[in-house]
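Numbering follows the working numbering, in which position 124 of the sequence shown is assigned residue number 130; successive positions increment by one, without gaps.
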Amino acid sequence: AMVFGSTCQPCMTGIESVGMCQPPNIVGNLLRRLQFRIEAATFWPDGQNLPQLVTTRRPANDPATDGLIGQTDTTNLFGGREVLGESTQGIRGELGTYFDDCKTYGILLRFFDVGSNTLSYNSTPTSEPVVMRPFFSTANNAQSTIAVNYPNSTSGSLNANISSDMYGGDILFRKLILRDCAGRLEFLAGYQTARLADSLTINSTTTALTNTPAPAGTISQLSDNFKTTNRFNGMPLGLIGIMRERC
Numbered sequence: 007a008m009v010f011g012s013t014c015q016p017c018m019t020g021i022e023s024v025g026m027c028q029p030p031n032i033v034g035n036l037l038r039r040l041q042f043r044i045e046a047a048t049f050w051p052d053g054q055n056l057p058q059l060v061t062t063r064r065p066a067n068d069p070a071t072d073g074l075i076g077q078t079d080t081t082n083l084f085g086g087r088e089v090l091g092e093s094t095q096g097i098r099g100e101l102g103t104y105f106d107d108c109k110t111y112g113i114l115l116r117f118f119d120v121g122s123n124t125l126s127y128n129s130t131p132t133s134e135p136v137v138m139r140p141f142f143s144t145a146n147n148a149q150s151t152i153a154v155n156y157p158n159s160t161s162g163s164l165n166a167n168i169s170s171d172m173y174g175g176d177i178l179f180r181k182l183i184l185r186d187c188a189g190r191l192e193f194l195a196g197y198q199t200a201r202l203a204d205s206l207t208i209n210s211t212t213t214a215l216t217n218t219p220a221p222a223g224t225i226s227q228l229s230d231n232f233k234t235t236n237r238f239n240g241m242p243l244g245l246i247g248i249m250r251e252r253c
């Protein structure tokens with residue numbers, strides 16, 4: 007027999023024994039109504055097209071043209087391709103409870119965390135002879151570069167990092183629509199949210215070895231930081247059910 011509404015009629019087969027046994031205490035009552043699940047999950051995000059941010063030329067030739075965007079002999083050290091397209095390991099799960107022994111009304115919390123997807127690049131004065139930071143010069147209306155590390159001209163180090171992180175979840179009110187010995191069907195309504203945060207940082211420190219373009223011994227530090235946050239808020243509506251076959 008099917009049961010509609012809030013009538014509490016147990017299935018005599020023992021599969022859906024709602025209301026047949028009373029819990030011995032408050033803790034037992036809470037555990038009886040509790041629903042919990044957590045899973046390890048793999049996520050495949052879409053990649054991001056990162057512009058050319060750190061470049062080089064092997065071997066060094068001319069500091070005025072080495073590492074310029076558009077030069078055929080320019081090699082990308084960081085950027086200039088799609089990044090953060092690799093799979094990440096995260097978690098997802100749910101936690102719920104019912105307000106009555108008949109499991110007529112309840113609440114369900116669902117969540118997920120994609121994990122952080124990152125890409126980094128680090129250079130030292132000895133790791134890469136030519137390290138350039140390309141940019142578009144508005145003064146000259148042309149592509150230009152800043153030499154972080156260049157033979158007999160500058161000595162410096164650079165650190166670049168890009169990361170992306172996403173998580174979210176929803177809180178749902180659930181109401182029993184239909185129940186019989188083969189399963190149950192519930193109506194869901196609630197609030198859902200998700201957050202996506204991206205960041206990009208490039209930090210470099212350079213020491214001038216000659217008097218051009220700055221006096222020898224001059225230390226220059228340059229830092230670029232970009233951060234974006236996207237949020238989603240919505241109202242989910244739906245159905246959730248379970249079906250049993252035999253025992």
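Yeah, the Cβ is synthetic: ideal placement off N, Cα and C, and Gly gets one too.
Quantities reported herein were computed from a predicted structural model and do not represent experimental measurements.
Reference residue i, options the options, closest by Cα
{"i": "Met-138", "options": "Ser-161, Asp-119, Thr-62", "result": "Thr-62"}
{"i": "Met-172", "options": "Thr-48, Pro-131, Ala-148, Ser-129", "result": "Thr-48"}
{"i": "Leu-83", "options": "Leu-164, Thr-144, Ser-159", "result": "Leu-164"}
{"i": "Phe-105", "options": "Gln-198, Ala-203, Leu-37, Val-120", "result": "Leu-37"}
{"i": "Leu-206", "options": "Ser-170, Thr-216, Cys-187", "result": "Ser-170"}
{"i": "Ala-222", "options": "Ala-188, Thr-151, Met-241, Ser-159", "result": "Ser-159"}
{"i": "Thr-94", "options": "Gln-58, Ser-229, Leu-182, Ala-46", "result": "Ala-46"}
{"i": "Asn-128", "options": "Cys-187, Gln-77, Ser-143, Leu-59", "result": "Leu-59"}
{"i": "Asn-57", "options": "Phe-142, Glu-251, Ala-188", "result": "Note on identity: in this sequence residue 57 is Pro, with Asn being the wrong assignment. The option with the nearest alpha carbon to Pro-57 is Phe-142."}
{"i": "Phe-118", "options": "Met-249, Gly-247, Gly-240, Ala-200", "result": "Ala-200"}
{"i": "Arg-250", "options": "Thr-211, Asn-239, Ala-188", "result": "Ala-188"}
{"i": "Asn-148", "options": "Gly-247, Ala-70, Ile-248, Arg-252", "result": "It should be noted that the sequence gives Ala, not Asn, for residue 148. For Ala-148, the nearest C-alpha among the options comes from Ala-70."}
Alpha-carbon to alpha-carbon, residue j and residue i
{"i": "Gly-102", "j": "Leu-115", "result": "6 Å"}
{"i": "Glu-192", "j": "Leu-245", "result": "6 Å"}
{"i": "Gly-34", "j": "Asp-107", "result": "12 Å"}
{"i": "Thr-235", "j": "Asn-155", "result": "33 Å"}
{"i": "Thr-132", "j": "Ala-66", "result": "14 Å"}
{"i": "Tyr-175", "j": "Ser-122", "result": "The sequence given here has Gly at residue 175, not Tyr. Each residue's Cα considered, the two are about 17 Å apart."}
{"i": "Asn-232", "j": "Gly-53", "result": "One point to set straight first is that residue 232 is Phe, not Asn, in the sequence displayed. Spanning the two alpha carbons is a distance of roughly 17 Å."}
{"i": "Thr-130", "j": "Thr-224", "result": "18 Å"}
{"i": "Asn-209", "j": "Gln-227", "result": "7 Å"}
{"i": "Asn-146", "j": "Pro-51", "result": "39 Å"}
{"i": "Thr-80", "j": "Asn-55", "result": "18 Å"}
{"i": "Thr-216", "j": "Ala-153", "result": "13 Å"}
{"i": "Lys-181", "j": "Asp-204", "result": "38 Å"}
{"i": "Thr-124", "j": "Gly-85", "result": "13 Å"}
{"i": "Arg-237", "j": "Gln-198", "result": "11 Å"}
{"i": "Arg-190", "j": "Leu-40", "result": "16 Å"}
Residue i in three-state terms, based on DSSP
{"i": "Val-33", "result": "helix"}
{"i": "Arg-63", "result": "coil"}
{"i": "Arg-43", "result": "strand"}
{"i": "Arg-38", "result": "helix"}
{"i": "Thr-110", "result": "coil"}
{"i": "Ser-93", "result": "coil"}
{"i": "Ile-75", "result": "coil"}
{"i": "Gln-58", "result": "coil"}
{"i": "Glu-251", "result": "coil"}
{"i": "Phe-84", "result": "strand"}
{"i": "Gly-121", "result": "strand"}
{"i": "Gly-102", "result": "strand"}
{"i": "Thr-48", "result": "strand"}
{"i": "Gly-244", "result": "strand"}
{"i": "Thr-235", "result": "strand"}
{"i": "Glu-230", "result": "The identity of residue 230 in the sequence shown is Asp, whereas the question assumes Glu. In this structure, Asp-230 counts as strand in the three-state DSSP scheme."}
Cβ shell of residue i (< 6 Å), same chain only, five flanking positions each side left out
{"i": "Ser-126", "result": "Asn-167"}
{"i": "Leu-243", "result": "Ala-195"}
{"i": "Ala-220", "result": "Ala-214"}
{"i": "Leu-178", "result": "Leu-114, Leu-194, Gly-196"}
{"i": "Ser-229", "result": "Asn-209"}
{"i": "Met-241", "result": "none"}
{"i": "Pro-29", "result": "Residue placement at Pro-29 is flagged as unreliable, the pLDDT there being 49, under the threshold of 50; a coordinate-derived value is accordingly withheld."}
{"i": "Arg-256", "result": "Given that the chain is displayed from residue 7 to residue 253, the structure contains no residue 256 and the question cannot be resolved."}
Cutoff 7 Å; reference residue i; Cβ partners in own chain excluding five residues on either side
{"i": "Ile-44", "result": "Ile-97, Gly-99"}
{"i": "Phe-42", "result": "Leu-101"}
{"i": "Asp-72", "result": "Arg-63, Ala-66, Val-136, Met-138"}
Cut-off 8 Å between Cβ atoms - residues of its own chain near residue i, not counting five sequence neighbours on either side
{"i": "Glu-134", "result": "Thr-62, Leu-83, Asn-155"}
{"i": "Ser-150", "result": "Leu-74, Pro-140, Phe-141, Phe-142, Ser-143"}
* Which ranges would you report for the beta strand (DSSP E) in the stretch 167 to 217 if only whole runs of at least 3 residues count? -> 189 to 214
* Pick out the complete beta strand (DSSP E) segments inside the stretch 123 to 160, 3 residues or longer, and give them in chain order. => 137 to 143, 148 to 155
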